[in-house]
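A.B. asks: Protein sequence lines, in the order shown, are assigned to chains A and B.
So for the first sequence, this note's numbering puts the first residue at 2; every next one is plus one.
So for the second sequence, this note's numbering puts the first residue at 2; every next one is plus one.
C-beta atoms are modelled at their ideal positions from N, C-alpha and C, and glycine is treated no differently.
These numbers come from a predicted model, not from an experiment.
2 protein chains.
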Amino acid sequence: MNYPNGIKKKFKKEINYGNRGQSLEDDINETNKYYLLNDVAIIHKKPISLTLRKVDYPCRKEAVVKEAYFKTPSTTDYNGVYKGKYLDFEAKETNLKSFPKSNIHKHQLDHLKNISRHGGIGFIIIKFKFCNEVYYISSDLIIDYFENNLRKSIPYSYIKDKGHLIDIKYKPRIDYLTVVDKILGGNL
Amino acid sequence: MNYPNGIKKKFKKEINYGNRGQSLEDDINETNKYYLLNDVAIIHKKPISLTLRKVDYPCRKEAVVKEAYFKTPSTTDYNGVYKGKYLDFEAKETNLKSFPKSNIHKHQLDHLKNISRHGGIGFIIIKFKFCNEVYYISSDLIIDYFENNLRKSIPYSYIKDKGHLIDIKYKPRIDYLTVVDKILGGNL
Numbered sequence: 002m003n004y005p006n007g008i009k010k011k012f013k014k015e016i017n018y019g020n021r022g023q024s025l026e027d028d029i030n031e032t033n034k035y036y037l038l039n040d041v042a043i044i045h046k047k048p049i050s051l052t053l054r055k056v057d058y059p060c061r062k063e064a065v066v067k068e069a070y071f072k073t074p075s076t077t078d079y080n081g082v083y084k085g086k087y088l089d090f091e092a093k094e095t096n097l098k099s100f101p102k103s104n105i106h107k108h109q110l111d112h113l114k115n116i117s118r119h120g121g122i123g124f125i126i127i128k129f130k131f132c133n134e135v136y137y138i139s140s141d142l143i144i145d146y147f148e149n150n151l152r153k154s155i156p157y158s159y160i161k162d163k164g165h166l167i168d169i170k171y172k173p174r175i176d177y178l179t180v181v182d183k184i185l186g187g188n189l
Numbered sequence: 002m003n004y005p006n007g008i009k010k011k012f013k014k015e016i017n018y019g020n021r022g023q024s025l026e027d028d029i030n031e032t033n034k035y036y037l038l039n040d041v042a043i044i045h046k047k048p049i050s051l052t053l054r055k056v057d058y059p060c061r062k063e064a065v066v067k068e069a070y071f072k073t074p075s076t077t078d079y080n081g082v083y084k085g086k087y088l089d090f091e092a093k094e095t096n097l098k099s100f101p102k103s104n105i106h107k108h109q110l111d112h113l114k115n116i117s118r119h120g121g122i123g124f125i126i127i128k129f130k131f132c133n134e135v136y137y138i139s140s141d142l143i144i145d146y147f148e149n150n151l152r153k154s155i156p157y158s159y160i161k162d163k164g165h166l167i168d169i170k171y172k173p174r175i176d177y178l179t180v181v182d183k184i185l186g187g188n189l
């Protein structure tokens, strides 16, 4: 098993100056909170998936996990409801000028494939740190690329071309529902 | 904090003889697996929500959680997509002849209220162990009861009357989508 995404970071977090260097995950979480508070959509991040091995009950009111292991996720990190539709996505950032297939598990791609077949809206939000750009890309296009190309990485140009640039704003930070709106409106 | 639901059970599981005494959670998980394998719907149980305090990295490939605490859930246990619709529910079983309000968190009721306002299908699956009956009841009806009654418990008769009995079968165990089908078809 590899290091679980985001775990190391949480324990070695750098000091933040006015959101400079804030992780994509933090930005998405803030965005979802904004959507929730403003009654726009109900999207939550799923808890980290763990296998519990040892749980102590030192007193009646408290249980402490003393041993647990990270599981490889079989679904994505985020899902929820927007205008009655089921939304499901994964958010990934990369330092590279391409999106490596290893950044997303096979199980997650299979899950997203299922989602879109069942009428849900499945996508991936990718942040390229080299240019500080965030893209929305349909999971079908990502799956299509991996199934029809031997390359282990999707070039930045493909995502720039096929995906949709999301403006980074003050509030909400990553307003990805603007893209979903275009899809629902039949404009994409 | 109270004992998190289902945790104790997992560590003190009784021997199962041909599913007699199998928990509602196990039955729902089997049902969801059946739906997934037969490509009917994609419904997953969310992982247990924990606050991680201490994580060890004994070697490159493995991370071990050494200290974590259970969080009060702010959403429900299950969600997913069926025929393009967003589904969200909680499953509870009780030994009583009523459904105590304390069995469900305020946050979870607020969450279900939001879900139905945003066009999702929110419900609760309740198993009454005294008669071995499982009911589907719309979360709106549960919320309505608690908001308009001073009682701290919903009587069995209310759920029998307003809810929908789900047959316990061999496969899938708790076929709750038959009720969702009626709702989608405008028959409920």
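Per DSSP, which one or two residues make a beta bridge with Glu-68 of chain A?
C.D. replies: Taking the first sequence and counting its residues from 1, the one referred to as residue 68 of chain A is at position 67. Answer by DSSP bridge pairing, in chain order: A:Lys-55.
A.B. asks: Short of 8 angstroms Cβ to Cβ, which residues in the segment 49-60 of chain A face chain B?
C.D. replies: Against chain B - using a Cβ distance shorter than 8 angstroms - the residues of the segment 49-60 of chain A are Ile-49, Ser-50, Leu-51, Leu-53, Val-56, Tyr-58.
A.B. asks: Check for me: the beta strand (DSSP E) holding Val-180 of chain A runs from which residue to which?
C.D. replies: What you label residue 180 of chain A is simply residue 179 of the first sequence in a count that begins at 1. It is not in any beta strand (DSSP E) - Val-180 of chain A instead sits in the alpha helix (DSSP H) that spans 178-185.
A.B. asks: List, in chain order, every chain A residue whose beta-carbon is nearer than 9 angstroms to that of Tyr-157 of chain B.
C.D. replies: As a working note, residue 157 of chain B is residue 156 in the second sequence. The contacting residues do not exist; Tyr-157 of chain B stays about 29 angstroms from chain A at best.
A.B. asks: With DSSP collapsed to three states, give me the class of Asp-168 of chain B.
C.D. replies: Against the second sequence, residue 168 of chain B aligns to sequence position 167. Correct three-state label for Asp-168 of chain B: coil.
A.B. asks: Taking the alpha-carbon of Gly-81 of chain A as reference, which of B:Ile-126, B:Pro-101, B:Lys-62, B:Asn-115 has the nearest alpha-carbon?
C.D. replies: One-based indexing of the first sequence puts residue 81 of chain A at position 80. Checked all of B:Ile-126, B:Pro-101, B:Lys-62, B:Asn-115; the closest Cα to Gly-81 of chain A is B:Asn-115.
A.B. asks: What are the boundary residues of the beta strand (DSSP E) that includes Phe-100 of chain B?
C.D. replies: Indexing the second sequence from 1 puts residue 100 of chain B at position 99. Phe-100 of chain B -> beta strand (DSSP E) spans 99-101.
A.B. asks: Taking the beta strand (DSSP E) that Ser-139 of chain B falls in, what are its first and last residues?
C.D. replies: Mapped onto the second sequence, residue 139 of chain B falls at position 138. Looking at the DSSP string, the run of the beta strand (DSSP E) that includes Ser-139 of chain B is 134-139.
A.B. asks: With a threshold of 16 other CB atoms inside 10 Å of the CB of Leu-110 of chain B, please say whether the residue is buried or exposed.
C.D. replies: Walking along the second sequence from the start, residue 110 of chain B turns up at place 109. By the neighbour-count rule (16 or more Cβ atoms within 10 Å), Leu-110 of chain B is buried.
A.B. asks: For Ala-92 of chain B and Lys-153 of chain B, what's the separation of their Cα atoms in angstroms?
C.D. replies: As a first step, residue 92 of chain B must be located in the second sequence, where it is residue number 91. As a first step, residue 153 of chain B must be located in the second sequence, where it is residue number 152. When rounded, the distance between both Cα atoms is 19 angstroms.
A.B. asks: Can a CB atom of chain A be found closer than 8 angstroms to the CB of Gly-164 of chain B?
C.D. replies: Start at 1 with the first residue of the second sequence, and residue 164 of chain B comes out as number 163. Gly-164 of chain B does not count as touching chain A.
A.B. asks: Along chain A, in chain order, which residues have C-beta atoms closer than 7 angstroms to that of Glu-26 of chain B?
C.D. replies: Numbered from its first residue, the second sequence carries residue 26 of chain B at position 25. None at all; the shortest Cβ gap to chain A is about 15 angstroms.
A.B. asks: Just to confirm, are Phe-90 of chain B and Gly-120 of chain B a CB contact at a threshold of 8 angstroms?
C.D. replies: Residue 90 of chain B sits at position 89 when you count from the first residue of the second sequence. Residue 120 of chain B sits at position 119 when you count from the first residue of the second sequence. No, Cβ-Cβ distance for Phe-90 of chain B and Gly-120 of chain B is not below 8 angstroms.
A.B. asks: Nearest-angstrom Cα distance between Gly-187 of chain A and Pro-48 of chain A?
C.D. replies: Position 186 of the first sequence holds residue 187 of chain A. Position 47 of the first sequence holds residue 48 of chain A. If I take the Cα positions, the gap works out to 33 angstroms.
A.B. asks: Reducing DSSP to helix, strand and coil, say where Leu-110 of chain A ends up.
C.D. replies: Counting from 1 along the first sequence, the entry for residue 110 of chain A is found at position 109. Correct three-state label for Leu-110 of chain A: helix.
A.B. asks: List the residues of chain B that Ile-43 of chain A touches, going by C-beta distances under 8 angstroms, in chain order.
C.D. replies: Taking the first residue of the first sequence as 1, we reach residue 43 of chain A at position 42. Here the neighbours are His-112, Asn-115, Ile-116, His-119, Gly-121.
A.B. asks: Verify the CB distance criterion: does Val-82 of chain A have a CB-CB separation below 8 angstroms to chain B?
C.D. replies: Along the first sequence, one-based indexing puts residue 82 of chain A at 81. Chain B, which has a Cβ nearer than 8 angstroms to the Cβ of Val-82 of chain A, makes this yes.
A.B. asks: Quick one: what does DSSP say Ile-105 of chain B is sitting in, helix, strand or coil?
C.D. replies: In the second sequence, the residue the question calls residue 105 of chain B occupies position 104. Three-state DSSP puts Ile-105 of chain B in coil, outside helix and strand.
A.B. asks: For Ser-192 of chain A, list the residues DSSP reports as bridge partners.
C.D. replies: Shown here, chain A extends from 2 to 189; a query on residue 192 of chain A therefore has no answer.
A.B. asks: By the 10 Å Cβ neighbour count, where 16 or more other Cβ atoms means buried, how is Lys-9 of chain B classified, buried or exposed?
C.D. replies: To locate residue 9 of chain B, count along the second sequence from 1; it is residue 8. Interpretation of Lys-9 of chain B is limited by its pLDDT of 47, a score under 50 that renders its predicted location unreliable; no figure is taken from the coordinates.
A.B. asks: Tell me the DSSP secondary structure of Leu-88 of chain B in three-state form.
C.D. replies: Looking up residue 88 of chain B in the second sequence gives position 87. Strand at Leu-88 of chain B.
A.B. asks: Taking DSSP's pairing of strands, which residues face Asn-80 of chain B in a bridge?
C.D. replies: Numbered from its first residue, the second sequence carries residue 80 of chain B at position 79. DSSP output for Asn-80 of chain B lists B:His-45, B:Asp-89 as bridge partner(s).
A.B. asks: Of the choices A:Asp-176, A:Lys-183, A:Ile-169, A:Lys-130, whose alpha-carbon is the least far from that of Leu-37 of chain A?
C.D. replies: Walking along the first sequence from the start, residue 37 of chain A turns up at place 36. Measuring from the Cα of Leu-37 of chain A, the nearest candidate turns out to be A:Asp-176.
A.B. asks: So for Lys-14 of chain B, helix, strand or coil by DSSP?
C.D. replies: If you number the second sequence from 1, residue 14 of chain B lands on position 13. Note on Lys-14 of chain B: pLDDT 42, under 50, position unreliable in the model; the coordinate value appears next. It is coil, neither helix nor strand.
A.B. asks: Excluding the 5 residues preceding and the 5 following Val-65 of chain B in the sequence, name in chain order all residues of the same chain whose CB lies nearer than 6 angstroms to its CB.
C.D. replies: Locating residue 65 of chain B in the second sequence gives position 64, where the first residue counts as 1. Answer for Val-65 of chain B: Asp-57, listed in chain order.
A.B. asks: What residues in its chain sit with their C-beta under 6 angstroms from that of Lys-55 of chain B, if we drop five residues either side in the sequence?
C.D. replies: As a position in the second sequence, residue 55 of chain B is number 54, starting the count at 1. Cβ within range, chain order: Lys-67, Glu-68.
A.B. asks: Classify Asn-39 of chain A: buried if its beta carbon has 16 or more other beta carbons within 10 angstroms, exposed otherwise.
C.D. replies: The sequence position of residue 39 of chain A within the first sequence is 38, counting from 1. Classification for Asn-39 of chain A: exposed.
A.B. asks: List, in order along the chain, the chain A residues whose C-beta lies closer than 8 angstroms to that of Phe-71 of chain B?
C.D. replies: The residue given as residue 71 of chain B occupies position 70 in the second sequence. Correct list: Ala-64, Val-66.
A.B. asks: Less than 8 angstroms between the C-beta atoms of Thr-73 of chain B and His-112 of chain B, yes or no?
C.D. replies: Reading the second sequence from its first residue, position 72 is the one you call residue 73 of chain B. Reading the second sequence from its first residue, position 111 is the one you call residue 112 of chain B. No, the Cβ-Cβ distance between Thr-73 of chain B and His-112 of chain B is not below 8 angstroms.
A.B. asks: How many Å lie between His-108 of chain B and Ser-24 of chain A at the Cα?
C.D. replies: Taking the first residue of the second sequence as 1, we reach residue 108 of chain B at position 107. Taking the first residue of the first sequence as 1, we reach residue 24 of chain A at position 23. Roughly 27 angstroms between the two C-alpha positions.
A.B. asks: What does Thr-1 of chain A touch in chain B if you count any residue whose Cβ is under 7 angstroms from its own?
C.D. replies: Residue 1 of chain A lies beyond the range of chain A shown here (2 to 189); nothing can be said about it.
A.B. asks: Which bits of chain B does Gly-85 of chain A rub up against, with CB to CB less than 8 angstroms?
C.D. replies: For the purposes of this step, residue 85 of chain A is taken as residue 84 along the first sequence, with counting starting at 1. Within 8 angstroms Cβ-Cβ: Lys-86, Tyr-87, His-119, Gly-120, Gly-121.
A.B. asks: Hey, quick one: how far does the beta strand (DSSP E) through Lys-128 of chain B stretch, first residue to last?
C.D. replies: The residue given as residue 128 of chain B occupies position 127 in the second sequence. Run containing Lys-128 of chain B: 122-129, per the beta strand (DSSP E) assignment.
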